[in-house]
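Novice: Taking the working numbering, I'd label the letters of the sequence shown as residues 1 to 449.
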Amino acid sequence: MSIGTQVLERDDETAGQALRWSLPARIAFRFCFAYLLLFCLTFAQILFVFTGVAVRWLPESAIQWQMNMVEPVVRWTGERVFGVDAVIHESGSGDQTIIWVLIFCLLVVAAVTTAIWTVLDRRRAGYAALGAWFVTFLRLCLGGQMLWYGFAKAVPNQMPYPSLTRLLEPYGNLSMTEVLWNQVGASPSYQVLLGIAEVLGGLLLFWPRTATAGALLSLVSMAQVFVLNMTYDVPVKILSFHLMLISLVVLAPQARRLANVLVLERPSEPARQPSLFRSVRANRIAAVSQVALGLWTCSGAAWTAWDSWHEYGYGAAKPALYGIWNVTEFTVDGHPLPPLTTEPTRWQRLVFDKFATSYQRMDGTFVPVLTDVDTAARTITMTAPSTTPDAEPARVATFTFERPESDRLALRGDLGGRPVTLALEEFDLNDFPLRGERFHWIQEIPNLN
Numbered sequence: 001m002s003i004g005t006q007v008l009e010r011d012d013e014t015a016g017q018a019l020r021w022s023l024p025a026r027i028a029f030r031f032c033f034a035y036l037l038l039f040c041l042t043f044a045q046i047l048f049v050f051t052g053v054a055v056r057w058l059p060e061s062a063i064q065w066q067m068n069m070v071e072p073v074v075r076w077t078g079e080r081v082f083g084v085d086a087v088i089h090e091s092g093s094g095d096q097t098i099i100w101v102l103i104f105c106l107l108v109v110a111a112v113t114t115a116i117w118t119v120l121d122r123r124r125a126g127y128a129a130l131g132a133w134f135v136t137f138l139r140l141c142l143g144g145q146m147l148w149y150g151f152a153k154a155v156p157n158q159m160p161y162p163s164l165t166r167l168l169e170p171y172g173n174l175s176m177t178e179v180l181w182n183q184v185g186a187s188p189s190y191q192v193l194l195g196i197a198e199v200l201g202g203l204l205l206f207w208p209r210t211a212t213a214g215a216l217l218s219l220v221s222m223a224q225v226f227v228l229n230m231t232y233d234v235p236v237k238i239l240s241f242h243l244m245l246i247s248l249v250v251l252a253p254q255a256r257r258l259a260n261v262l263v264l265e266r267p268s269e270p271a272r273q274p275s276l277f278r279s280v281r282a283n284r285i286a287a288v289s290q291v292a293l294g295l296w297t298c299s300g301a302a303w304t305a306w307d308s309w310h311e312y313g314y315g316a317a318k319p320a321l322y323g324i325w326n327v328t329e330f331t332v333d334g335h336p337l338p339p340l341t342t343e344p345t346r347w348q349r350l351v352f353d354k355f356a357t358s359y360q361r362m363d364g365t366f367v368p369v370l371t372d373v374d375t376a377a378r379t380i381t382m383t384a385p386s387t388t389p390d391a392e393p394a395r396v397a398t399f400t401f402e403r404p405e406s407d408r409l410a411l412r413g414d415l416g417g418r419p420v421t422l423a424l425e426e427f428d429l430n431d432f433p434l435r436g437e438r439f440h441w442i443q444e445i446p447n448l449n
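#1: Relative to the C-alpha of leucine 248, which residue among Glu269, Met222 and Tyr232 is closest?
#2: Nearest by alpha-carbon distance to methionine 244: which of Ala197, Met146, Arg30 and Leu422 is it?
#3: Tell me whether asparagine 326 sits in a helix, a strand or coil according to DSSP, three-state version.
#4: Do leucine 216 and leucine 251 have their C-beta atoms closer together than 8 Å?
#5: Just list the residues that DSSP pairs proline 336 with in beta bridges.
#6: Does DSSP classify methionine 176 as helix, strand or coil?
#7: Three or more C-beta pairs under 8 Å: does that hold for the segment 331-342 against the segment 357-374?
#8: Pick from Ser299, Thr328 and Glu444: whose alpha carbon is nearest that of valine 55?
#9: In the DSSP assignment, find the alpha helix (DSSP H) that holds tyrosine 149 and state where it starts and stops.
#10: Determine the closest residue to tryptophan 181 out of Arg403, Val225 and Leu138, with distance taken between C-alpha atoms.
#11: Quick test of the definition: if touching needs 3 or more C-beta pairs under 8 Å, does the segment 145-165 touch the segment 184-197?
#12: Is aspartate 307 helix, strand or coil by DSSP?
#13: Need the endpoints of the beta strand (DSSP E) that threonine 48 sits in, please.
#14: Per DSSP, which residues does glutamine 183 bridge with? Please list them.
#15: Give me, in chain order, the residues of the same chain whose beta-carbon lies closer than 6 Å to that of isoleucine 442; leave out the 5 immediate sequence neighbours on both sides.
#16: Decide yes or no for the touch test of the segment 107-118 against the segment 28-46: beta carbon pairs closer than 8 Å, at least 3 of them.
#17: What do you get for valine 7, buried or exposed, if any count of 16 or more other CB atoms within 10 angstroms of its CB means buried?
#18: What does DSSP give as the partner residues of proline 419 in its beta bridges?
#19: Going by the CB atoms, is the gap between glycine 126 and arginine 20 shorter than 8 Å?
#20: Run the CB neighbour count on glycine 417, radius 10 Å, all protein chains shown included, and call it buried at 16 or more, exposed below.
#21: Would alanine 211 pass as a contact of leucine 205 if the rule is Cβ separation under 8 Å?
#22: Pairing CB atoms from the segment 314-326 with CB atoms from the segment 372-382, are three or more of them under 8 Å?
#23: Short of 7 Å in beta carbon distance, which residues of its chain neighbour proline 446, apart from the five on each side in sequence? Order them along the chain.
#24: Rounded to a whole number of angstroms, what is the C-alpha to C-alpha distance between threonine 113 and threonine 51?
#25: How about threonine 77 and valine 101: do their beta carbons lie closer than 8 Å?
#26: Suppose the cutoff is 8 Å on Cβ atoms and the five residues either side in sequence are ignored; what does the same chain contact list for arginine 124 look like?
#27: Name the one or two DSSP bridge partners that isoleucine 380 has.
#28: How should proline 385 be labelled, buried or exposed, when 16 other C-beta atoms within 10 angstroms of its C-beta is the threshold for buried?
#29: In whole angstroms, what separates the C-alpha of isoleucine 285 from that of arginine 278?
#30: Compute the Euclidean distance between the alpha carbons of isoleucine 3 and serine 275, then round it to the nearest angstrom.
#31: From alanine 28 to alanine 111, what does the alpha carbon distance come to, in whole angstroms?
#32: Once you ignore the five residues that flank leucine 429 on each side, which residues in its own chain have a CB closer than 6 Å to its CB?
#33: Kindly indicate which three-state DSSP category proline 446 falls into: helix, strand or coil?
#34: For arginine 284, list the residues DSSP reports as bridge partners.
#35: Reducing DSSP to helix, strand and coil, say where valine 42 ends up.
#36: Under 8 Å, do tryptophan 325 and arginine 346 count as touching if we go by C-beta distance?
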């Protein structure tokens with residue numbers, strides 16, 4: 001780059017800093033700065049992504065440090081202002097009462113900060129330099145979130161393939177969220193494509209030259225996610241809305257250029273991110289540092305997704321008796337029980353899935369059990385899931401099993417203190433249309449029932 005070009009860039013930057021912002025623009029910037037900065041610093045999911053691969057060694061308390069810091073204030077606000085018990089539930093929901101109360105607290109603090117800032121700094125013409133750093137901070141936070149959420153889909157873990165029990169459930173029993181999860185999970189290739197789009201948006205955000213394209217792609221992706229969360233009642237509405245909002249803020253400095261290109265069909269300068277320094281060399285070092293941070297964050301997201309794939313996802317090993325087993329004979333105390341829907345003791349099916357086992361009663365309800373299958377001793381031990389961490393698991397049944405044929409299973413043992421024998425036949429999973437042929441180039445008739 002020539003010295004003349006450097007001088008022109010510095011002159012342009014100086015001219016931009018000298019422009020006077022309108023009063024509404026200055027007030028809007030102060031509020032956005034205070035609110036979104038507080039949101040990113042206090043929301044538990046935002047900053048921990050920058051730990052990269054080191055997240056595997058961090059305790060849970062280290063990941064939740066932001067929420068732990070503000071929890072006392074938020075709980076007090078919930079009790080005194082709204083009359084609710086704002087506590088953290090380890091449920092994975094991002095729309096809990098405590099988080100909504102936290103958003104209220106942030107809005108109040110941001111509003112007060114904006115008012116005080118406006119009074120004390122009313123003569124300032126604008127915030128070009130602070131705005132450049134603020135947009136860069138938001139851009140990196142957005143990029144980190146896009147990478148972590150994207151890899152959770154690109155390696156299809158977020159929406160797993162419908163479980164065996166789910167395949168047997170009546171559709172009407174599913175919640176809206178379960179409908180969405182199983183819809184996307186049933187087509188891993190679609191989920192992977194969604195994830196690749198989010199990963200690409202995240203990667204582009206870490207390089208200043210491609211950050212505008214990354215913000216546009218992130219905005220489209222997050223708008224889709226937010227609409228799905230709202231229409232399918234997925235409890236990540238707060239975060240998805242804020243990621244969409246952050247995408248808009250990152251794009252705000254490019255609004256005029258984007259309008260010229262996309263709407264007004266006017267010539268426009270290249271859309272580039274605001275410079276952090278006056279020195280070209282310093283800006284290059286900053287750009288390289290941002291790319292390095294992106295690669296580090298990417299490594300953590302990719303490792304976590306890959307590890308989950310092998311431990312909890314499609315790559316996990318199937319249990320020895322994996323499948324759906326229809327009960328053809330069921331005897332108690334030597335007496336066969338007829339397959340009547342009113343029979344409370346008889347089983348209809350026994351389902352061995354990757355991470356769960358359950359038996360289905362004759363009325364169609366499923367009862368989850370913890371199962372220990374010893375293939376060497378040919379024994380099966382079933383216990384009821386514990387309701388409390390310290391409770392002893394209650395024994396449900398113990399069986400010895402034989403497998404005279406690959407699709408036949410015979411159980412003999414104790415169920416609820418009574419001797420039982422069961423004869424079971426394996427159900428062919430390919431008989432489910434959902435697990436059958438998945439794609440046709442030629443379809444004379446739509447594959448609809």
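For glycine and all other residues, C-beta sits at the position ideal for the given N, C-alpha and C. None of the values given here were measured: they were computed from a predicted structure.
Specialist: Per the coordinate set shown:
#1: Taking the first residue of the sequence shown as 1, we reach residue 248 at position 248. The shortest Cα separation from leucine 248 among Glu269, Met222 and Tyr232 belongs to Met222.
#2: Here residue 244 corresponds to residue number 244 of the sequence shown, with the count starting at 1. Of the listed residues, the one whose Cα sits closest to methionine 244 is Met146.
#3: Start at 1 with the first residue of the sequence shown, and residue 326 comes out as number 326. DSSP places asparagine 326 in strand when its eight states are reduced to three.
#4: Mapped onto the sequence shown, residue 216 falls at position 216. Mapped onto the sequence shown, residue 251 falls at position 251. The answer is yes: Cβ separation under 8 Å.
#5: Position 336 of the sequence shown, counted from the first residue, corresponds to residue 336. Bridge partners of proline 336: Thr331.
#6: Numbered from 1 along the sequence shown, position 176 holds the residue referred to as residue 176. Methionine 176 falls in the helix class under three-state DSSP.
#7: yes
#8: Here residue 55 corresponds to residue number 55 of the sequence shown, with the count starting at 1. The residue with the shortest Cα to Cα distance from valine 55 is Ser299.
#9: Walking along the sequence shown from the start, residue 149 turns up at place 149. Run containing tyrosine 149: 128-154, per the alpha helix (DSSP H) assignment.
#10: For the purposes of this step, residue 181 is identified with residue 181 of the sequence shown, where counting begins at 1. Of Arg403, Val225 and Leu138, the residue nearest in Cα terms is Val225.
#11: yes
#12: What you label residue 307 is simply residue 307 of the sequence shown in a count that begins at 1. Residue state, collapsed to three classes: helix.
#13: Translated into positions along the sequence shown, residue 48 becomes position 48. Reading off the sequence shown, one finds phenylalanine at residue 48, where the question assumed threonine. Per DSSP, phenylalanine 48 belongs to no beta strand (DSSP E) and is neither H nor E.
#14: Here residue 183 refers to the residue found at position 183 when the sequence shown is read from its first residue. Glutamine 183 is not bridged to any residue.
#15: Here residue 442 refers to the residue found at position 442 of the sequence shown. There are no such residues.
#16: yes
#17: Numbered from 1 along the sequence shown, position 7 holds the residue referred to as residue 7. Its pLDDT being 35, under 50, valine 7 is placed unreliably by the model, and the measurement read from it follows with that caveat. Exposed, because fewer than 16 other Cβ atoms sit within 10 Å of the Cβ of valine 7.
#18: Within the sequence shown, residue 419 is the residue found at index 419, counting from 1. DSSP output for proline 419 lists Asp414 as bridge partner(s).
#19: The residue given as residue 20 occupies position 20 in the sequence shown. The residue given as residue 126 occupies position 126 in the sequence shown. Yes.
#20: Counting from one through the sequence shown, the residue named residue 417 turns up at place 417. Label assigned to glycine 417: exposed.
#21: Along the sequence shown, read from residue 1 onward, the residue named residue 211 stands at position 211. Along the sequence shown, read from residue 1 onward, the residue named residue 205 stands at position 205. Yes; because the gap between Cβ atoms is below 8 Å, this pair is in contact.
#22: yes
#23: Stepping through the sequence shown from its first residue, residue 446 is reached at position 446. Within the same chain, proline 446 has no close Cβ partners at all.
#24: One-based indexing of the sequence shown puts residue 113 at position 113. One-based indexing of the sequence shown puts residue 51 at position 51. Going by the C-alpha atoms only, they are around 30 Å apart.
#25: By 1-based counting over the sequence shown, the position of residue 77 is 77. By 1-based counting over the sequence shown, the position of residue 101 is 101. It is a contact, given that the beta carbons lie within the stated cut-off.
#26: Taking the first residue of the sequence shown as 1, we reach residue 124 at position 124. Cβ neighbours of arginine 124 beyond the five flanking positions: Arg26.
#27: The residue labelled residue 380 in the question sits at position 380 within the sequence shown. Answer is Val373 and Phe399.
#28: What you label residue 385 is simply residue 385 of the sequence shown in a count that begins at 1. Proline 385 is exposed by the Cβ-count criterion.
#29: Along the sequence shown, one-based indexing puts residue 285 at 285. Along the sequence shown, one-based indexing puts residue 278 at 278. Approximately 12 Å between the Cα atoms of the pair.
#30: On the sequence shown, position 3 is the one that residue 3 refers to. On the sequence shown, position 275 is the one that residue 275 refers to. Low confidence applies to isoleucine 3: its pLDDT is 38, below 50, so where it sits in the model is not reliable, and the reading given next is rough at best. Using only the alpha carbons, I get a separation of about 17 Å.
#31: In the sequence shown, the residue the question calls residue 28 occupies position 28. In the sequence shown, the residue the question calls residue 111 occupies position 111. C-alpha separation (whole angstroms): 10 Å.
#32: Residue numbering aside, residue 429 sits at position 429 when the sequence shown is read from its first letter. If we look at leucine 429 and ignore the five residues flanking it on each side, its Cβ neighbours are Arg435.
#33: Walking along the sequence shown from the start, residue 446 turns up at place 446. In the structure shown, proline 446 sits in coil (DSSP, three-state: anything other than H, G, I, E or B).
#34: Against the sequence shown, residue 284 aligns to sequence position 284. Partner(s): none; arginine 284 has no beta bridge.
#35: Taking the sequence shown and counting its residues from 1, one reaches residue 42 at position 42. Reading off the sequence, residue 42 comes out as threonine, not valine. Note: threonine 42 maps to helix in three-state DSSP.
#36: Translated into the one-based positions of the sequence shown, residue 325 becomes position 325. Translated into the one-based positions of the sequence shown, residue 346 becomes position 346. Result no, Cβ atoms of tryptophan 325 and arginine 346 do not sit closer than 8 Å.
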